[in-house]
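Presented below is the structure to which this report refers.
2 protein chains.
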Amino acid sequence: MINETYKAMLGGKSVIRTLSEYATARGTEIGYDNVFDYSLGNPSVPCPSSFTKAMIDMYETADPVALHGYSPSLGNPEACRTIAESLNRRFGMDYTAGHIFPTTGAAGALAHALRAVTKPGDEVLTFAPYFPEYHPYVEGAGARLTVVPADIESFQINFAAFEAALNPEVTVVLINTPNNPSGAVYSAETLDRLAGILRAKQAEYGHDIFLISDEPYREIVFDGGTQPYPAKFYDNTLTCYSWSKSLSLPGERIGYVAVNPRATDAELIVPMCGQISRGTGHNCPSSSMQLAVAKIIDETSDLSVYETNMNLLYDALTSIGFDVVRPGGTFYIFPKALEADANAFCMKAKEYDLILVPSDSFGVSGYFRMAYCIDTDKVKRSIPVLERFVREEYGL
Amino acid sequence: MINETYKAMLGGKSVIRTLSEYATARGTEIGYDNVFDYSLGNPSVPCPSSFTKAMIDMYETADPVALHGYSPSLGNPEACRTIAESLNRRFGMDYTAGHIFPTTGAAGALAHALRAVTKPGDEVLTFAPYFPEYHPYVEGAGARLTVVPADIESFQINFAAFEAALNPEVTVVLINTPNNPSGAVYSAETLDRLAGILRAKQAEYGHDIFLISDEPYREIVFDGGTQPYPAKFYDNTLTCYSWSKSLSLPGERIGYVAVNPRATDAELIVPMCGQISRGTGHNCPSSSMQLAVAKIIDETSDLSVYETNMNLLYDALTSIGFDVVRPGGTFYIFPKALEADANAFCMKAKEYDLILVPSDSFGVSGYFRMAYCIDTDKVKRSIPVLERFVREEYGL
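Protein sequence lines, in the order shown, are assigned to chains A and B.
If you count the first sequence from 1, position 85 lands on 85 in the UniProt record's numbering, and the numbers rise without skipping.
If you count the second sequence from 1, position 48 lands on 48 in the UniProt record's numbering, and the numbers rise without skipping.
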């Protein structure tokens with residue numbers, strides 16, 4: 001018989017998806033060039049040509065039976081070794097191939113990491129603003145998600161609220177840095193303080209608390225900065241990564257879980273992911289894609305457009321009078337709306353063909369997200385429209 | 001804290017995988033050419049060159065942002081339409097794009113189909129001999145698997161045992177035809193009788209019973225025959241497919257669930273699969289792979305080698321004196337072992353570098369499986385070894 005739980009979920013359509021579909025429909029009316037669609041976090045720059053070349057080379061020269069054959073259930077060992085060595089080089093870690101579990105993007109990585117270190121009923125804490133898909137990921141693992149209120153000064157961590165939320169049922173803290181939707185890059189100070197609290201609470205509760213660190217935007221950091229590597233600060237860290245943003249391959253579903261070698265039962269977690277994979281039907285990402293990303297392991301797309309767009313928007317928003325924290329990375333900016341009801345604000349903007357996402361589904365009210373992974377020309381053309389909208393609707 | 005359920009699963013290594021690893025290790029000692037490795041169901045023929053060409057063409061000419069962008073959450077609509085039209089043409093069905101949910105192979109398809117039409121605690125029936133990975137798929141959905149004893153005369157369905165096993169808690173019957181490991185192709189008579197019983201039991205129990213039909217071997221049928229299409233016989237059918245075998249792409253993880261338009265709530269099941277996908281981290285198969293299989297929708301690899309190998313082995317086995325049902329399809333054959341303990345039989349064969357899989361994990365005792373997706377030359381060379389093994393060990 002049809003499953004009533006999943007049937008009941010059919011009503012709930014994502015706000016982002018709804019707005020994106022509106023933008024597409026509106027585009028067919030007035031030309032998509034005239035819709036200032038800041039709804040969707042879909043990379044706007046192509047994958048590097050070296051990726052395309054690596055794939056074509058493999059398709060032209062490799063034995064197809066081997067190239068497209070089953071991946072070993074814990075991933076291609078050579079790809080895992082290459083990933084481990086890259087992380088070791090870049091972040092001073094000491095991963096081996098056995099600490100890397102290739103997955104179908106960050107969604108697959110989070111699904112495995114959460115199942116590996118929670119049991120049904122456990123509590124998972126995350127920090128607002130947060131990516132709303134954390135709900136199905138956490139609930140799919142049988143755990144429950146509690147959202148810690150935001151630090152609205154800087155979108156780092158509201159430590160007072162965090163300490164108030166911690167309790168012995170918490171077995172995972174889930175972070176996302178650089179952050180969707182705020183663009184915040186958690187600083188070394190933030191990560192150090194977070195790690196200190198987690199270590200103290202592990203001792204107090206007498207059980208492990210795992211840090212699951214969701215890092216698909218790791219390579220998109222502005223002003224020449226870098227994202228401090230969370231696993232470097234805290235032993236019980238599972239790092240979830242995707243090449244969706246850094247290589248502009250969201251549709252190819254390729255990422256990994258990296259298990260900190262100093263985590264409790266570190267050597268068991270990748271084999272456990274292999275077991276988890278059987279029940280979810282995950283059974284490894286594409287074998288050829290594992291090889292391709294390994295071949296260009298330290299490369300990225302040309303990500304500079306995101307910084308260009310961020311600077312244009314940040315300057316325009318602040319000069320208009322918006323209250324906005326300058327993003328340290330990602331391709332999102334998260335200004336305060338000009339009225340308390342972010343939804344009302346975004347509905348008014350829509351009348352100007354400005355597609356902005358209200359903040360409520362990210363766990364804070366009164367803000368909006370702009371995904372500026374769009375052409376710079378469109379960003380520039382949107383600014384006078386934004387100015388007119390704010391002037392006409394709010395008299396600014 | 002580490003999940004004890006998944007940790008406990010770490011001990012249980014698959015017999016097939018263990019034998020395959022032994023074969024590889026033995027190959028490094030004596031040369032893999034001298035190991036008659038019948039353990040693993042990994043296709044031995046290359047994908048068609050048209051697949052390679054389609055992929056290279058897309059990589060060379062398509063806009064990479066579009067090619068590698070996020071797939072719509074219910075799959076690429078154009079790929080879904082092409083799949084639907086192909087099934088309609090071939091099997092006289094009336095699918096639309098909205099009845100097709102692209103998945104990461106048959107494993108992904110089964111994971112979604114099972115969750116869509118069971119609730120935790122439901123009973124799923126399958127027929128021995130069966131693919132042992134059905135356990136994690138069914139248990140991952142929270143249901144429980146009951147195995148109906150085999151029809152050892154023909155490896156069709158043991159209907160007496162099936163009727164005895166049916167009870168009101170059964171909400172899914174899971175079939176696999178052509179069958180791994182027996183090679184049986186369920187006949188129209190079998191499917192018609194199965195459908196009749198299911199319709200009667202639906203009426204008697206007052207609830208739906210879904211037929212989930214796992215069909216990755218659909219295109220590998222011998223003697224010019226075809227697999228009668230199970231959904232044609234029974235309305236409440238979810239068809240699970242993979243291109244792993246027909247296009248020799250097991251590592252690329254591409255398949256689908258097709259929902260019979262006459263099933264209960266048929267229009268809801270694909271959208272429900274989209275919801276299920278969020279919690280498992282599945283989130284669509286590769287976007288480029290969806291397009292590629294659609295481009296060569298009615299093609300297959302050159303699958304004729306499997307029939308050549310089957311005939312060689314069937315003739316050899318019967319002339320040696322084995323009791324064996326002639327396979328109608330797949331690349332498996334499933335003879336009766338020469339002693340009651342199939343494991344002991346296979347261990348003796350291993351001494352002759354004949355790698356045979358004992359039948360116990362397939363839900364029947366006293367048989368063994370040979371996966372003859374290997375070079376025909378090796379099949380030929382294995383026959384005198386098989387003869388010598390049987391002569392020396394069993395005096396046949």
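Note that CB positions come from ideal geometry on N, CA and C, so glycine has one too.
For this session: Mind checking which residues open and close the alpha helix (DSSP H) that includes aspartate 377/B?
Result: Annotation: the continuous alpha helix (DSSP H) that includes aspartate 377/B extends over 376 to 394.
Problem set entry | Residue range of the unbroken beta strand (DSSP E) whose run includes tyrosine 256/A | Looking at the DSSP string, the run of the beta strand (DSSP E) that includes tyrosine 256/A is 255 to 259.
Exercise. Is the shortest distance between the beta-carbon of threonine 376/A and the beta-carbons of chain B less than 7 Å?
Worked result: Threonine 376/A does not count as touching chain B.
Exercise. Applying a beta-carbon distance threshold of less than 8 Å, which residues of chain B neighbour isoleucine 2/A?
Worked result: Within 8 Å of the CB of isoleucine 2/A, the CB atoms of chain B belong to Ala116, Val117, Asp208, Thr264, Asp265, Leu268, Ile269, Met272, in sequence order along the chain.
Exercise. In terms of alpha-carbon separation, which member of Phe155/A, Tyr352/A, Pro358/A lies closest to asparagine 343/A?
Worked result: Looking at the Cα atoms, Pro358/A is the closest of the given residues.
Problem set entry | Buried or exposed by the 16-neighbour rule on C-beta atoms within 10 Å, applied to arginine 89/B | Exposed: under 16 other Cβ atoms inside 10 Å.
Exercise. Do you know offhand how far alanine 141/B's Cα is from alanine 294/A's?
Worked result: The straight-line gap from Cα to Cα measures roughly 33 Å.
Exercise. What residues in the region 242 to 254 of chain B have a beta carbon less than 9 Å from any beta carbon of chain A?
Worked result: Here the close residues are Ser244, Leu247, Ser248, Leu249, Pro250, Gly251, Glu252, Arg253, Ile254.
Exercise. In its own chain, which residues sit with a C-beta less than 7 Å from the C-beta of serine 71/A, not counting the 5 before and 5 after it?
Worked result: Excluding residues within five positions, the ones whose Cβ falls inside 7 Å are Cys284, Ser287, Gln290.
Problem set entry | Completely contained alpha helix (DSSP H) runs for the region 323 to 378 of chain B, where each covers 4 or more residues | Counting whole runs of 4 or more residues, the region 323 to 378 of chain B contains the alpha helix (DSSP H) stretches 342 to 350.
Problem set entry | Terminal residues of the alpha helix (DSSP H) in which cysteine 273/B lies | Counting along the chain, the alpha helix (DSSP H) containing cysteine 273/B begins and ends at 266 to 280.
For this session: Quick one: list the residues of chain B neighbouring lysine 7/A, beta-carbon separation under 7 Å, in chain order.
Result: Simply Leu268, Met272.
Problem set entry | Cβ distance (whole Å) where phenylalanine 362/A is taken to contact proline 129/A below 8 Å | Contact between phenylalanine 362/A and proline 129/A holds: their C-beta atoms lie close to 4 Å from each other, under 8 Å.
Exercise. Is the Cβ of histidine 99/B closer than 7 Å to any Cβ of chain A?
Worked result: Not an interface residue.
Problem set entry | As assigned by DSSP and simplified to three states, the class of glutamate 123/B | Residue state for glutamate 123/B is assigned as strand, using DSSP reduced to three classes.
Exercise. Taking the Cβ atom as the reference point for each residue, do threonine 239/A and serine 213/A lie within a distance shorter than 7 Å?
Worked result: Yes, these two residues count as a Cβ contact at 7 Å.
Exercise. Which class does residue 406/A belong to by DSSP, given the choice of helix, strand or coil?
Worked result: Absent from the structure is residue 406/A, since the part of chain A shown begins at 1 and ends at 396.
Exercise. Is it buried or exposed for proline 178/A, if we count other Cβ within 10 angstroms and need 16 for buried?
Worked result: The residue is buried, with at least 16 neighbouring Cβ atoms inside 10 Å.
Problem set entry | Rounded Cβ spacing between serine 50/A and isoleucine 254/A (contact assumed at less than 8 Å) | 15 Å between Cβ atoms; not a contact.
Exercise. Would a check of beta-carbon distances place proline 102/A closer than 7 Å to chain B?
Worked result: Taking 7 Å as the threshold, the shortest C-beta distance from proline 102/A to chain B does not fall below it.
Exercise. Is tyrosine 367/B near the ligand MN, judged by its Cβ being under 6 Å from some heavy atom?
Worked result: By its list of ligands, the structure shown contains no ligand whatsoever, and the ligand MN lies outside what it can speak to.
Exercise. Near phenylalanine 36/B, which residues of its chain fall below 7 Å by C-beta distance, leaving aside the five closest residues on each side in sequence?
Worked result: Result list for phenylalanine 36/B: Asp353, Leu354, Ile355, Lys378, Ser382, Val385, in chain order.
Problem set entry | Members of the region 286 to 301 of chain B that neighbour chain A once the beta carbon cut-off is set at 8 Å | For the region 286 to 301 of chain B, which is checked against every Cβ of chain A, the residues closer than 8 Å are Ser286, Ser287, Ser288, Met289.
Exercise. Under a three-way DSSP split, which group does tyrosine 241/B fall into?
Worked result: Strand.
Exercise. Taking C-alpha atoms, which residue in Asp151/B, Thr118/B, Val325/B lies nearest to glutamate 139/B?
Worked result: With distances taken between CA atoms, glutamate 139/B lies nearest to Thr118/B out of Asp151/B, Thr118/B, Val325/B.
For this session: Answer yes or no: do asparagine 3/B and alanine 116/A have a C-beta to C-beta separation smaller than 7 Å?
Result: Less than 7 Å separates the beta-carbon of asparagine 3/B from that of alanine 116/A.
Exercise. If you drop the 5 nearest sequence neighbours on each side, which residues of the same chain put their C-beta closer than 7 Å to that of alanine 316/B?
Worked result: Ile383, Leu386, listed in sequence order.
Exercise. Cα separation between alanine 62/A and glutamate 163/B?
Worked result: Rounded to whole angstroms, alanine 62/A to glutamate 163/B spans 50 Å at the Cα level.
Problem set entry | Candidates Leu67/B, Asn180/B, Phe331/B, Ala106/B: closest to serine 242/B by CA position | Among Leu67/B, Asn180/B, Phe331/B, Ala106/B, the Cα nearest to that of serine 242/B belongs to Ala106/B.
For this session: Please name the residue in Ala165/B, Gln227/B, Pro136/B whose C-alpha comes closest to that of asparagine 176/B.
Result: Closest by alpha carbon: Gln227/B.
For this session: Keeping to the same chain, check which residues put their C-beta closer than 6 Å to that of proline 120/A; ignore five residues upstream and five downstream.
Result: For proline 120/A, same chain residues with a beta-carbon under 6 Å away, outside a window of 5 residues either side, are Gly142 in chain order.
For this session: Report the residue from Ile157/B, Asp151/B, Pro64/B, Tyr205/B whose alpha carbon sits nearest the alpha carbon of proline 48/A.
Result: Ranking Ile157/B, Asp151/B, Pro64/B, Tyr205/B by Cα distance to proline 48/A puts Pro64/B first.
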